[in-house]
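In this text, residue positions in the sequence shown follow numbering that gives the first Met the number 0: the first is 0, and each later residue adds one.
Just so it is clear, CB atoms sit at the ideal spot from N, CA and C, and this is done for glycine as well.
In what follows, a structure is listed as C-alpha cells, so that the remarks can point back to it.
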Amino acid sequence: MRGLIIRSQSGFYTVETSAGHLTCQLRGRLKRGKRLGDIVAVGDWVDVTLLEGATGMIETIEPRQHLLSRLAPTPHGEYHQIIVANPDQAVFIFACTKPEPHPGMLDRFLVVAEKQGLPALIVINKVDLVGPSVAQAAFDHYITLGYPLIYTSAHTGQGIDELRQSLQGKLSVFAGPSGAGKSSLLNAVQPGLGLAVRSVSTQTQKGRHTTVVRQLFPLAAGGYVVDTPGLKALALWDIQPEELDGYFRELRGLIGACQFNNCTHTHEPGCAVLAAVERGEVHPDRYSSYVKMRTSQEVL
Ligand SMILES: Nc1nc2c(ncn2[C@@H]2O[C@H](COP(=O)(O)OP(=O)(O)OP(=O)(O)O)[C@@H](O)[C@H]2O)c(=O)[nH]1
Ligand SMILES: [Mg+2]
Ligand SMILES: [Zn+2]
Numbered sequence: 000m001r002g003l004i005i006r007s008q009s010g011f012y013t014v015e016t017s018a019g020h021l022t023c024q025l026r027g028r029l030k031r032g033k034r035l036g037d038i039v040a041v042g043d044w045v046d047v048t049l050l051e052g053a054t055g056m057i058e059t060i061e062p063r064q065h066l067l068s069r070l071a072p073t074p075h076g077e078y079h080q081i082i083v084a085n086p087d088q089a090v091f092i093f094a095c096t097k098p099e100p101h102p103g104m105l106d107r108f109l110v111v112a113e114k115q116g117l118p119a120l121i122v123i124n125k126v127d128l129v130g131p132s133v134a135q136a137a138f139d140h141y142i143t144l145g146y147p148l149i150y151t152s153a154h155t156g157q158g159i160d161e162l163r164q165s166l167q168g169k170l171s172v173f174a175g176p177s178g179a180g181k182s183s184l185l186n187a188v189q190p191g192l193g194l195a196v197r198s199v200s201t202q203t204q205k206g207r208h209t210t211v212v213r214q215l216f217p218l219a220a221g222g223y224v225v226d227t228p229g230l231k232a233l234a235l236w237d238i239q240p241e242e243l244d245g246y247f248r249e250l251r252g253l254i255g256a257c258q259f260n261n262c263t264h265t266h267e268p269g270c271a272v273l274a275a276v277e278r279g280e281v282h283p284d285r286y287s288s289y290v291k292m293r294t295s296q297e298v299l
C-alpha cells in the first residue's frame, strides 16, 4: 500500500494511506549499514505492509524529487538530517517592519532554495503598517528577479486569498524571522493552523536530537505546510564559495563574461558583475549580500 509520511517521531512514522493513518516502523533491512543520516522523513512516499491495529511496516522508499536537509552536529560526528522530503516550495515570510526586515537573511534563504532546486515564494507581511509604496520600494526588485512575491496583511486580509491559492495542493516549507507573522498568516489562511504548527515547532526546539517530532499539517484546500525552525540553521553548509555566484539569479548569466574564470566579483579587473553593479543593473542590496556571503561563512 502506497502512502505519505506525515509525522515522524523516534523511529515511528505516521503514514497517510487510502486505508487511513497507519503507525509504521522501518523494515530492518532498510536500516542496515552505517547510519550517517535519516533514512526516511516526512514528505517521503513509501510502500507499507498493513499489520494489525492500524499499524504497518515500511518496505520501500520512493526516490525523492527534492530534499531539504542539513548537517547536524552530534557527539558522534555530523549527521545528515532530512528536514522534509519532496517539498514543492519554500515560503519565506518577512515583515515590512516590526521586526525590521533583514534583506541579507532573505537573500541567504533564497540561496539555500536555489542550491536545493526548490521554488521559493516570498511573502511580505504587515503591509498595513507601512503602506504599499514603502513595501514595494523595498521588495519589488525580487519580482524583477522572477521570484513570486505576495504582499500581505494578516490584520486587513490583504493577499490572504492569493497566499491560500499558492499553497493549495503543494507541500510548503515555511520559514522567516520570529515575529514576521507566520502563525498569524497561517491562521488567516486556515483558522487554527498557526496554533497547531507553533506547538510542534516549540517541541522541536526543546526535543533532543533523537526525539525530534516533524509533522506535515494538512490544508483544507489540499496540500501541506511544514514549519521548520531548522531552516535558519541550514546556513550555507554545503555551498562552496566558488559556486555562490550561480545561486544569485541576476549574476548567473554574467559570470562567463568575467576576465578571470576564478573571479570572485569583488575587486578583479574585467569583472562583468562589478560592471553591471556600476551600471545599476544589479540591486546594491543584493550585491552586498553576495559580497558578505562570499567573504564570510557566517551562520544565518
Ligand atoms: N500590524 C500587523 N501586525 C501583524 C500582522 N501579522 C502579524 N502581526 C502581529 O505580529 C506579531 C507576531 O505575529 P506571529 O504570527 O506570532 O509571528 P510569527 O512569525 O509566528 O513568530 P514566531 O512564532 O515567533 O516565529 C503578533 O503580535 C501579531 O498580531 C500584520 O499583518 N499586521
Ligand atoms: Mg509563530
Ligand atoms: Zn567577476
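* Do you know offhand how far ILE82's Cα is from ILE38's? -> 12 Å
* Give the DSSP-derived three-state secondary structure of MET0 in the structure shown. => Annotated three-state conformation of MET0 is coil, per DSSP.
* To do: Report the three-state DSSP secondary structure of ARG213 (helix, strand or coil).
  => strand
* Within 10 angstroms of the Cβ of LYS181, are there 16 or more other Cβ atoms? Answer buried if so, exposed if not. => Flag for LYS181 reads buried.
* Assuming PRO98 contacts PRO176 (C-beta within less than 8 Å), just tell me the rounded distance between them. => 6 Å
* To do: Rounded to whole angstroms, what's the CA-CA distance from GLY322 to SER152? Just pull it up for me.
  => For residue 322 there is no data in the structure shown, the boundaries of the chain being 0 and 299.
* Identify every run of the alpha helix (DSSP H) within the region 39–87, keeping only runs that are complete inside it and at least 4 residues long; order them along the chain. => none
* To do: Compare the beta carbon distance of LEU25 and GLY10 with 9 Å and say whether it is the shorter of the two.
  => yes
* Using only the heavy atoms of ligand 3, determine whether one of them is closer than 8 Å to the beta carbon of ILE57. => no
* Rounded Cβ spacing between GLY222 and SER171 (contact assumed at less than 8 Å) -> Sure, about 7 Å apart at Cβ, within 8 Å.
* **Proximity test, PRO268 beta-carbon vs ligand 4 heavy atom, cut-off 8 Å** => With respect to ligand 4, the structure offers nothing, as its ligand set consists of ligand 1, ligand 2 and ligand 3.
* Asked: What did DSSP end up calling ARG26 once you bin it into helix, strand or coil?
  -> coil
* Asked: Is it buried or exposed for ARG285, if we count other Cβ within 10 angstroms and need 16 for buried?
  -> buried
* Just list the alpha helix (DSSP H) runs in the region 237–287, keeping only unbroken ones of 4 residues or longer that don't cross its boundaries, in chain order. => Considered as a whole, the region 237–287 harbours 248–251 and 271–277 as its complete alpha helix (DSSP H) runs of no fewer than 4 residues, in chain order.
* To do: Go to ALA187, then tell me how far its alpha helix (DSSP H) extends in each direction, as first and last residue.
  => 181–188
* **For THR294, three-class secondary structure by DSSP** => helix
* Asked: For the alpha helix (DSSP H) that contains SER132, what are its first and last residues?
  -> 131–143
* Output the distance between the C-alpha atoms of ALA94 and TYR150, rounded to the nearest integer angstrom. => 10 Å
* Asked: To which residues does DSSP link SER17 through a beta bridge?
  -> Its beta-bridge partners do not exist; DSSP assigns none.
* Does ligand 1 have a heavy atom nearer than 8 Å to the CB of PRO118? -> no
* Could you please give me the residues that DSSP links to ASP226 through a beta bridge? => In the DSSP assignment, ASP226 forms a beta bridge with PHE173.
* Asked: Over what stretch of residues does the beta strand (DSSP E) that includes LEU148 continue unbroken?
  -> 148–150
* Per DSSP, which residues does GLN8 bridge with? Please list them. => PHE11 and VAL212
* Would you report the Cα separation of VAL290 and VAL212, rounded to the nearest angstrom? -> Near 36 Å, if we compare the C-alpha coordinates of VAL212 and VAL290.
* So who's on the other strand from VAL90, going by DSSP bridges? -> BP columns for VAL90 point to LEU120 and PHE173.
* Does the region 39–56 come close enough to the region 99–113 to have 3 or more Cβ pairs within less than 8 Å? -> The region 39–56 makes no contact with the region 99–113: fewer than 3 CB pairs, one atom from each, lie closer than 8 Å.
* Once you ignore the five residues that flank LEU144 on each side, which residues in its own chain have a CB closer than 7 Å to its CB? -> Within the same chain, ARG248 and GLU249 come within 7 Å of LEU144 by CB-CB distance, once the 5 residues on both sides are set aside.
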